[in-house]
Amino acid sequence: MNPSEPLHHGACLCQGVRFTIRGPLAPIQICHCAQCRRAQGSAFAANLPVDVDRLQFQAGQDLLRRFESSPGKRRVFCGICGSPVFSQRDSLPGVVRIRAGLLDEPVATAPAFHMHVASRCSWWPLQDDLPQHPQGYVLPGAA
């Protein structure tokens, strides 16, 4: 580990699951799909993509519970307090999407875009200037 790299700390509500992320944070992805809204109990999920080799659990890895919300996609949460911790797709095996609200403040990144806005809830207006993708976000150059 490079000592000059930033180290970001996070935890679930009960503090049973604690983790660190090494290195700079990617931009936050705001997802408005129905599954994310239901899993969060909110208008959207604030997802932070993290390479698994930069994520280290300090405590509570044994508390994590998994739910396959759709084929090839798992949502991982604390088995004690129920906090959503991350999601992971079989199609992106080296990446997890940490829930940004778990990170200790200040968080050294910001939202980059909204995705799945075609299925967003009717009671939360989008009032920022971030790009809005009707469906999922596709990386430039990927088809």
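Take the position in the sequence shown, starting the count at 1, then add 431; the result is the number in the numbering used here.
Beta carbons: idealized from backbone N, C-alpha and C, even for Gly.
Alpha carbon to alpha carbon, how far is Gln460 from Gly545? Give it in angstroms, no decimals. What you label residue 545 is simply residue 114 of the sequence shown in a count that begins at 1. What you label residue 460 is simply residue 29 of the sequence shown in a count that begins at 1. The amino acid occupying residue 545 in the given sequence is His; Gly does not appear at that position. When rounded, the distance between both Cα atoms is 6 angstroms.
Between Arg528, Leu494, Ser473, which has its C-alpha nearest Arg506's C-alpha? What you label residue 506 is simply residue 75 of the sequence shown in a count that begins at 1. Measuring from the Cα of Arg506, the nearest candidate turns out to be Arg528.
Answer with buried or exposed for His439, where buried requires no fewer than 16 other C-beta atoms within 10 angstroms of its C-beta. The count along the sequence shown starts at 1 and reaches residue 439 at position 8. Buried, by the Cβ-count rule.
Near Gly510, what residues of its chain come up, given a Cβ to Cβ distance below 6 angstroms and the 5 sequence neighbours on each side ignored? If you number the sequence shown from 1, residue 510 lands on position 79. The answer, listed in chain order, is Leu494, Arg496.
Quick one: what does DSSP say Val474 is sitting in, helix, strand or coil? Translated into positions along the sequence shown, residue 474 becomes position 43. First, the amino acid is wrong: residue 474 is Ala here, not Val. It is coil, neither helix nor strand.
Hey, how far is the Cα of Ser435 from the Cα of Arg485? Walking along the sequence shown from the start, residue 435 turns up at place 4. Walking along the sequence shown from the start, residue 485 turns up at place 54. In this model, Ser435 and Arg485 are separated by some 14 angstroms (Cα to Cα).
Backbone secondary structure at Ser581 - three-state DSSP: Residue numbering for the chain in the displayed model covers 432 to 574; residue 581 lies beyond these limits and cannot be assessed.
Could you give the first and the last residue of the continuous beta strand (DSSP E) run that contains Ser500? Taking the first residue of the sequence shown as position 1, residue 500 is located at position 69. For Ser500, the enclosing beta strand (DSSP E) starts and ends at 495-501.
If you run the structure through DSSP and keep just helix, strand and coil, what is Gly447? Along the sequence shown, read from residue 1 onward, the residue named residue 447 stands at position 16. DSSP places Gly447 in coil when its eight states are reduced to three.
Coarse secondary structure for Cys467, derived from DSSP in three states: Your numbering for residue 467 matches position 36 in the sequence shown. The answer is helix: DSSP assigns Cys467 an H, G or I state.
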